[in-house]
Amino acid sequence: MSDAGTNAVQIGVWTDYSKPRPLGATLTLPNRTAALLLAFLATLIGITATRSWRLASFLLFNLFAFEKGNAETQPNATQVLLRNSETAAGAGVNIAFLFLPWNSKSTPRTKITWKRAAIVLASFCHWILFIAAGLLTSQIFLGRTVVSSVTPTCGVWVGKNESTESVNYGIAAELTLNATLEAEDYVKNCYTREKSTSTILDCGKLHTQIVPVAVEHNATCPFPTGVCRYNNQSAYAMDTGKLPFTTLGLNCKRCHELAVRRRTVCAPLRDGRLFMGMVGDNAPEGDGTLWVWSFYKNATGGNETYSEEVNWTKPGFKLRSMNLAAVENTSLLQPPLQHADGYHNPVLILVTVNFGVGFLHKANDPIFSIQGEMEPERLLKPDWPWKYRSNQLLGILGCDELMQYCSLKTGRCTDLRGVIGRRSDEEMDADFSILAGNTTRNDDAYNGIIFAAVLVDNLLQQSTLQGSIFDRDGNVALQAARSLQNDRISTPLPPEQWKIEVDHWFSLAMARLQLGAFSTIERRPGADPERVRNLWEGQRIQDSLCGHIKFKSPGHTSLSFFGVMFVVAVCALILLASFFEEVLEKVLRRWLGGRMVGWGAAENLALLGEKGG
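This is how it looks when you write it as structure tokens:
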């Protein structure tokens with residue numbers, strides 16, 4: 000991912016719609032060019048400070064140094080120093096030295112007056128002002144945030160429709176697995192709370208590195224009373240809160256006013272009402288015995304079954320996810336899994352810990368219950384320390400994956416509903432009306448809102464717990480199996496290991512949401528163009544969202560265009576005004592009279608001329 004987007008950066012001026020006008024105007028340049036521009040601005044401010052002092056010294060001369068009636072007299076030391084000092088600091092220091100008792104004998108000590116003190120104070124204020132201006136110029140540096148350019152391959156890429164269903168599934172599965180593994184790498188390297196310098200990934204590439212998530216440890220069970228394993232308040236909830244579209248990098252006119260919320264609630268379930276029994280002549284824990292469960296019924300009312308076989312010779316972990324929202328009719332779900340309304344997205348996560356896995360330590364966890372002991376004949380040695388095993392074949396986690404859209408401008412939100420679920424056209428129109436508010440239908444802002452919502456909705460359906468697991472082997476996808484070696488686990492499982500698993504899967508889902516938005520910038524370099532197609536090709540959404548994804552590029556620098564133009568404009572005005580003598584000499588002499596005579600008489604060349612220089 001470190002090279003992704005490198006060649007898709009918009010160079011020049013663009014608008015960051017998350018900021019108020021005109022502060023959103025942003026100038027993006029390659030690092031070298033930006034460094035030259037900043038150096039030019041710093042030099043310009045230095046030149047301007049010198050020329051500005053010429054104008055300021057003229058004003059100070061007329062306000063404090065010139066005295067009526069002395070236009071024809073010899074200029075005093077204060078007037079000469081004020082007139083001929085090229086910098087404010089030089090003038091302030093030189094005039095201040097006139098007041099000091101250890102002043103050089105060649106220059107008589109000057110009496111301190113409030114006017115002379117005001118000149119010194121104004122000189123130092125002018126000096127400090129331009130030092131501050133130089134420092135504040137650094138504030139136009141906005142960092143590495145850039146916006147994508149419009150690329151020929153911008154869009155959402157999916158597998159092509161091939162001749163056979165198996166080929167289509169294979170391509171789709173490959174793309175999904177690649178996205179899941181990429182999210183896994185990103186979470187491992189970039190979602191850690193402690194900063195690491197050893198990662199090979201560019202964790203600063205995305206506009207927001209980590210999606211903030213709040214957790215709740217005693218949430219309400221998402222299933223009917225008595226289904227959750229402990230009690231009705233034993234669930235674990237993860238909630239993003241109102242997540243602005245801009246967090247995902249979207250940069251449309253109203254994206255900063257739009258937000259999406261993801262909430263997932265999970266809890267271990269009792270399997271008593273779902274367990275159908277065992278099949279086989281062996282004992283419950285004997286090789287070949289099938290343990291059978293049923294989670295939903297078929298169209299004729301018969302139980303669809305799910306089974307796990309006891310197999311001591313192939314120890315390890317198995318993992319499977321089951322999206323119950325895919326069931327045609329929620330009434331076909333077994334009663335413990337049914338909801339009172341249709342706004343939920345129930346997901347079952349089935350974790351199998353085969354009895355042959357040996358543990359060094361016991362664990363009291365509803366999913367990873369390591370309370371059994373190996374029979375002596377199954378130990379390699381009588382004193383074999385890995386003597387503990389699981390005392391349950393299958394652990395069932397039930398989750399409810401919900402989402403809602405919100406308008407940050409009006410505070411209105413849609414109902415919480417399943418991430419994956421069927422919505423009627425009327426429901427979709429109602430959602431869009433909440434997001435769009437009073438925006439005129441079919442204008443650019445309205446289309447930007449609708450297309451942004453369509454993209455986020457599409458990404459949400461790919462960013463689920465089921466997508467985080469995606470039929471991967473439990474030995475790979477489970478955090479509990481990280482230390483599995485030779486069918487043994489030596490490290491103790493932490494308390495509530497099931498929460499660690501759920502938290503990791505939810506992090507994967509959020510990472511897929513972020514990476515999904517970023518991946519619309521251009522087709523991934525490794526994707527075979529002969530096997531994939533662009534869903535946006537030829538569609539209006541391509542014109543609306545391409546070139547509107549913010550991310551961070553280490554090779555580019557973004558500056559405030561408003562700040563750059565403000566500095567240049569102010570400096571230009573001051574530089575022009577500093578040539579007042581040359582341009583407006585006749586006007587000033589007519590207007591100021593003796594003051595201009597005194598100003599001219601204090602100039603170095605004029606003083607040399609009087610001495611016959």
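Numbering (numbering that gives the first Met the number 0), first residue to last: 0 to 612.
All C-beta atoms in this analysis are idealised placements derived from N, C-alpha and C, irrespective of residue type, glycine included.
Would you kindly report the start and end of the unbroken beta strand (DSSP E) that includes residue i?
i, result
"residue 307", "302-308"
"residue 156", "156-158"
"residue 682", "What the structure shows of the chain is the stretch from 0 to 612, and residue 682 is not part of that stretch, so it cannot be assessed."
"residue 566", "Looking at the DSSP string, residue 566 is not in any beta strand (DSSP E); the run it does join, the alpha helix (DSSP H), is 560-576."
"residue 378", "Where residue 378 is concerned, there is no enclosing beta strand (DSSP E), given that its DSSP letter is neither H nor E."
"residue 322", "316-322"
"residue 373", "No beta strand (DSSP E) contains residue 373, which DSSP labels as neither H nor E."
"residue 344", "Counting along the chain, residue 344 falls outside any beta strand (DSSP E), and DSSP gives it neither H nor E."
"residue 550", "549-551"
"residue 216", "213-218"
"residue 531", "531-533"
According to DSSP, is residue i helix, strand or coil?
i, result
"residue 282", "coil"
"residue 354", "coil"
"residue 542", "helix"
"residue 53", "helix"
"residue 190", "coil"
"residue 143", "coil"
"residue 526", "coil"
"residue 229", "coil"
"residue 334", "helix"
"residue 521", "coil"
"residue 9", "coil"
"residue 274", "strand"
"residue 177", "helix"
"residue 387", "strand"
"residue 409", "coil"
"residue 16", "coil"
"residue 392", "coil"
"residue 203", "coil"
"residue 39", "helix"
"residue 105", "With a pLDDT of 48 at residue 105, under the threshold of 50, the predicted position of this residue should be treated as unreliable, and no value is reported."
"residue 362", "strand"
"residue 149", "coil"
"residue 224", "coil"
"residue 195", "A caution first: residue 195 carries a pLDDT of 49, below 50, which makes its placement in the model unreliable, though a value can still be read off. DSSP places residue 195 in coil when its eight states are reduced to three."
"residue 60", "helix"
Less than 7 Å between C-beta atoms, sequence neighbours within five positions excluded: which residues of the same chain meet that for residue i?
i, result
"residue 577", "50, 51, 53, 54"
"residue 364", "492, 495, 496, 497"
"residue 234", "218, 219, 220, 221, 227, 264, 265, 266"
"residue 413", "403, 404, 430, 433"
"residue 202", "188, 189, 208"
"residue 490", "482"
Which residues mark the beginning and the end of the alpha helix (DSSP H) in which residue i is found?
i, result
"residue 114", "113-135"
"residue 475", "473-476"
"residue 613", "Here the chain has residues from 0 to 612 only, and residue 613 is not among them."
"residue 96", "87-96"
Check whether the Cβ of residue i sits closer than 6 Å to any heavy atom of the ligand MN, and report yes or no.
i, result
"residue 418", "Inclusion of the ligand MN in the displayed structure is not the case, the ligand content being empty and no account of it being possible."
Spell out the partners DSSP gives residue i in its beta bridges.
i, result
"residue 261", "402"
"residue 138", "In DSSP, residue 138 forms no bridge with anything."
"residue 556", "28"
"residue 235", "265"
"residue 249", "548"
"residue 484", "487"
"residue 397", "266, 347"
"residue 242", "259"
"residue 295", "303, 332"
With a CB to CB cut of under 8 Å and the five nearest residues on each side skipped, what residues in its chain are close to residue i?
i, result
"residue 536", "154"
"residue 176", "469, 471"
"residue 426", "none"
"residue 230", "220"
"residue 356", "314, 315, 316, 388, 389, 483, 486, 487, 488"
"residue 391", "352, 368"
Within 7 Å (strictly less), CB to CB, does residue i reach chain D?
i, result
"residue 572", "The structure shown has no chain D; it contains just one protein chain."
Can you find the residues in the same chain that come closer than 6 Å, C-beta to C-beta, to residue i, ignoring five residues on each side of it along the sequence?
i, result
"residue 444", "252, 253, 438"
"residue 249", "451"
"residue 15", "23, 25"
> Which parts of the region 415-466 are runs of the alpha helix (DSSP H), unbroken and 4 residues or longer, counting only runs that do not cross its ends?
Replying inline: 424-435, 443-461, all fully within the region 415-466.
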